[in-house]
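Below is one structure; the comments refer to it alone.
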Amino acid sequence: KDIDFLIIGPERFPTFDENGKNIIYHKMSETEICERISKLGIDFKFDHYKLCDARPMYGKIFSDLLSFYDFWGFGDLDVLYGNITKQITKEMFEKFDAIATGSWDVVSGPLSFFRNSDKINNLYKKIDKKLFEDKVHHGVDEEIFANVIKKENINYDFSCKEHKRPVWWKSDGNLYKGRHKSNSVLF
16 KDIDFLIIGP ERFPTFDENG KNIIYHKMSE TEICERISKL GIDFKFDHYK
66 LCDARPMYGK IFSDLLSFYD FWGFGDLDVL YGNITKQITK EMFEKFDAIA
116 TGSWDVVSGP LSFFRNSDKI NNLYKKIDKK LFEDKVHHGV DEEIFANVIK
166 KENINYDFSC KEHKRPVWWK SDGNLYKGRH KSNSVLF
């Protein structure tokens, strides 16, 4: 078990694989999430898509749940992940403070990781508070957060672009492009 998935929300989602011991559910209402954000002095208006704008704050608002981890991150729930540590190696986690898997040089919604440190967990303060407080989704979690990371000279790698289509899901916990096990992909 190299990576845990902490899923926070009002309901417990079903586990489809009895081997999913690295999937941890933490029941939390939308109101509770907004209360955590308000403790940072931000009047957040909850909307499921707007919650993506709050992602740069996750290290801070969920710090009590993340205290045992070296990294925290976020990913999309509508993605099949392969063997993550085969694509994002231990050496990468040692070298970089921010790792993203998208197609551009930005933080990626499908899967991104951040070192669990005060410096990283407070980067949200460098983002205009208005972007968190209005009801419009601004994509703060991607390009805006990436620009803050770059400006603050955080050691990052936003180039892990191993997602390819079509992919086949194999029972060994890996994703492969086509039918050949030599073509392992991230998502």
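Letter by letter, the sequence shown follows residues 16 to 202 of the working numbering. All C-beta atoms in this analysis are idealised placements derived from N, C-alpha and C, irrespective of residue type, glycine included.
With C-beta atoms as the reference, is E157 less than 8 Å away from V122?
In contact: E157 and V122 (Cβ atoms closer than 8 Å).
Runs of alpha helix (DSSP H) lying entirely within the stretch 60 to 112, each at least 4 residues, in chain order:
Within the stretch 60 to 112, the runs of alpha helix (DSSP H) at least 4 residues long that lie entirely inside it are, in chain order, 73 to 76, 78 to 81, 99 to 102, 105 to 110.
By how many angstroms is the C-alpha of G154 removed from the C-alpha of G124?
One C-alpha to the other measures close to 9 Å.
Candidates D68, M43, N131: closest to F83 by CA position:
Nearest C-alpha to F83: N131.
Would you call the CB atoms of I135 and I169 closer than 8 Å?
Contact flag set, yes.
Assigned secondary structure, F20 (DSSP; H/G/I helix, E/B strand, else coil)
In the structure shown, F20 sits in a strand (DSSP, three-state: E or B).
From which residue to which residue does the alpha helix (DSSP H) around L146 run?
Per DSSP, L146 belongs to the alpha helix (DSSP H) from 144 to 148.
Which residues in the same chain as P25 place their Cβ atom closer than 6 Å to its Cβ, once the five residues preceding and following it in sequence are excluded?
Excluding residues up to 5 positions away in sequence, S44 lie with their Cβ nearer than 6 Å to the Cβ of P25 in the same chain.
Please name the residue in K42, L21, K75, E47 whose C-alpha comes closest to that of G35.
Comparing Cα positions, the closest option is L21.
Helix, strand or coil: which one does DSSP assign to I2?
With the chain covering 16 to 202 only, the question about residue 2 has no answer from this structure.
Output the distance between the C-alpha atoms of D91 and K65, rounded to the nearest integer angstrom.
Near 14 Å, if we compare the C-alpha coordinates of K65 and D91.
Check D172 in the structure and name its three-state DSSP category.
Three-state result, D172: strand.
Quick check on DSSP: helix, strand or coil for S127?
If DSSP states are grouped into helix, strand and coil, S127 belongs with the strands.
Can you check DSSP and say which residues form a bridge with H41?
I23, per the DSSP bridge assignment.
Whole angstroms are fine: how far does the CA of S199 sit from the CA of M72?
Between M72 and S199, the C-alpha separation is close to 32 Å.
Could you check if I39 is buried or exposed, using at least 16 other CB atoms within 10 Å of its CB as the buried criterion?
That one is exposed.
Option in E50, L80, T116, Y139 with minimal Cα separation from T104
Taking only the C-alpha atoms, the option nearest T104 is T116.
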